[in-house]
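A short write-up of the structure that comes next.
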Amino acid sequence: MIHPLLTQDDIDTYRRDGVVLVRGLFADHVETLREGVAANMASPGPYASNNDKAGETGRFFDDYCNWQRIPELAEVVNASPVAGVAADLMGSRRVQMFHDHVLVKEPGTSMATPWHQDGPYYFVEGEQTVSFWSPLDPVREATLRCVAGSHRWDKEVLPTRWVSAAGFFPDEGQYMPVPDPEAEGMRIVEYEMAPGDAVAFNFRTLHGARGNTSDGRRRAFSIRLVGDDARYVERPGPTSPPFPGHDMTPGQRLREDWFPVLLDRS
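All residue numbers for the sequence shown refer to numbering that gives the first Met the number 0, where the first residue is 0 and numbers rise by one.
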């Protein structure tokens, strides 16, 4: 039985393109998420950044791995339909929490979110992965942009630091340079979205976002989930998020005491 928020066409699109729009995924939780984002910004975690970059205007705040200390975010992770939708999109019996991410572009923020794939930053690999990016304000120009089919590329894109554009890891040929999707004529998928809508995309889907040149805020909440085939993998350097002291070994499922199972249909 497919989740009521999805159709079979949505599932087929997700697996073919690595991205699909899920209308209203967090529609019943928008105010709770707004409160959670406000709490996060008032009390940032150790990974918080304002992405200060020379020549850029405005404020681009982002922070991650806070859901277990901010009750409003924990409520949405556990009470929203996100796990059931994730299971159907991934074709997975199990859905395991990886981490959350808050991204806020204040009015007049010129900095774009650079093109990147999430997967190369992470210590997890597998085909059954999904990120949900949900705006808490109406978005059009500052919406998420994804390159269709990029989750099937033979090589992953070199992860870079957003402000300096320096490589996150040493590259010994295992990564491809960050492409310019517009200049290279790639198919970019983007949506005009209402608060609570969500873009679902694979960890290996190339994505980015323009700055926010509007006179309104662009608050967004993202949650990253993994499925049956996801396993711990070592990278050439410290990952983002790092999760120090996890003690996992290559090929192991993510430890459930740190990364809870949200749904198990087995």
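Each residue gets a CB set at the ideal place from its N, CA and C atoms; glycine is no exception. Since the structure is predicted, the reported quantities are computational estimates derived from the model, not experimental observations.
Give every residue of the same chain whose Cβ lies closer than 7 Å to the Cβ of T238, excluding the five residues on either side of it in the sequence, and list them in chain order.
Walking along the sequence shown from the start, residue 238 turns up at place 239. So the list reads Y120, Y121 and F122, once near-sequence residues are dropped.
For R68, which residues in the same chain have their Cβ closer than 8 Å to its Cβ, ignoring the five residues on either side in sequence?
As a first step, residue 68 must be located in the sequence shown, where it is residue number 69. Scanning its chain for C-beta atoms nearer than 8 Å, with the 5 sequence neighbours on each side dropped, one finds around R68 the residues G44, in chain order.
Other residues of its chain near D227: CB distance less than 7 Å, five sequence neighbours each side excluded
Translated into positions along the sequence shown, residue 227 becomes position 228. Excluding residues within five positions, the ones whose Cβ falls inside 7 Å are S91, R92, R93 and Q127.
Given a cut-off of 8 Å on the beta-carbon distance, is the pair F25 and A197 in contact?
The residue labelled residue 25 in the question sits at position 26 within the sequence shown. The residue labelled residue 197 in the question sits at position 198 within the sequence shown. Yes, the pair counts as a contact, with Cβ atoms nearer than the cut-off.
How about R144 and H100: do their beta carbons lie closer than 8 Å?
On the sequence shown, residue 144 is found 145 positions in, with the first residue counted as 1. On the sequence shown, residue 100 is found 101 positions in, with the first residue counted as 1. Cβ atoms of R144 and H100: not closer than 8 Å.
Identify the residues that DSSP records as bridge partners of Q95: which are they?
As a position in the sequence shown, residue 95 is number 96, starting the count at 1. DSSP output for Q95 lists V225 and V260 as bridge partner(s).
Once the 5 residues before and after G148 are set aside, which same chain residues still bring their CB inside 8 Å of it?
If you number the sequence shown from 1, residue 148 lands on position 149. Excluding residues within five positions, the ones whose Cβ falls inside 8 Å are R15, D16, G17 and R186.
Using only the alpha-carbon positions, how far apart do V156 and G244 sit?
Locating residue 156 in the sequence shown gives position 157, counting from the first residue. Locating residue 244 in the sequence shown gives position 245, counting from the first residue. Each residue's Cα considered, the two are about 27 Å apart.
What are the partner residues of W132, as DSSP defines its beta bridges?
Indexing the sequence shown from 1 puts residue 132 at position 133. The beta-bridge partner set that DSSP reports for W132 consists of V198 and S221.
Taking the continuous alpha helix (DSSP H) assigned at P70, which residues delimit it?
Taking the sequence shown and counting its residues from 1, one reaches residue 70 at position 71. It spans P70 to A78 - the alpha helix (DSSP H) in which P70 sits, taken as one unbroken run.
Straight-line CA distance for S265 to A86?
Residue mapping note: residue 265 aligns to position 266 of the sequence shown, counting from 1. Residue mapping note: residue 86 aligns to position 87 of the sequence shown, counting from 1. Rounded to whole angstroms, S265 and A86 show a C-alpha spacing of 12 Å.
Among the residues of its own chain, which have a CB less than 8 Å from the CB of Q7, if the five just before and after it don't count?
Sequence index remark: in the sequence shown, residue 7 carries index 8 (1-based). Cβ neighbours of Q7 within its own chain (closer than 8 Å, five residues either side excluded): I1.
Which class does A208 belong to by DSSP, given the choice of helix, strand or coil?
Against the sequence shown, residue 208 aligns to sequence position 209. Assigned with DSSP and collapsed to three states, A208 falls in strand.
So what's R160 in DSSP terms, helix, strand or just coil?
The residue you call residue 160 lines up with position 161 of the sequence shown. Here DSSP, grouped into helix, strand and coil, assigns R160 to coil.
Using the C-alpha atoms, what's the distance from D263 back to S133?
What you label residue 133 is simply residue 134 of the sequence shown in a count that begins at 1. What you label residue 263 is simply residue 264 of the sequence shown in a count that begins at 1. Distance from the CA of S133 to the CA of D263, rounded to the nearest whole angstrom, comes to 24 Å.
Given a cut-off of 8 Å, decide if L102 and R33 are closer than it, judged by their beta-carbon atoms.
On the sequence shown, position 34 is the one that residue 33 refers to. On the sequence shown, position 103 is the one that residue 102 refers to. No, the pair does not count as a contact, with Cβ atoms beyond the cut-off.
Could you check where the alpha helix (DSSP H) with L88 kicks off and where it finishes?
Position 89 of the sequence shown, counting from 1, holds the residue named residue 88. First-last of the alpha helix (DSSP H) with L88: V81 to M89.
From the DSSP output, which residues share a beta bridge with Y63?
Within the sequence shown, the letter at position 64 stands for residue 63. Note: Y63 sits in a beta bridge opposite H100.
Would you call the CB atoms of A229 and G125 closer than 8 Å?
In the sequence shown, residue 229 corresponds to position 230, counting from 1. In the sequence shown, residue 125 corresponds to position 126, counting from 1. Against a cut-off of 8 Å, the Cβ pair of G125 and A229 comes out as a contact.
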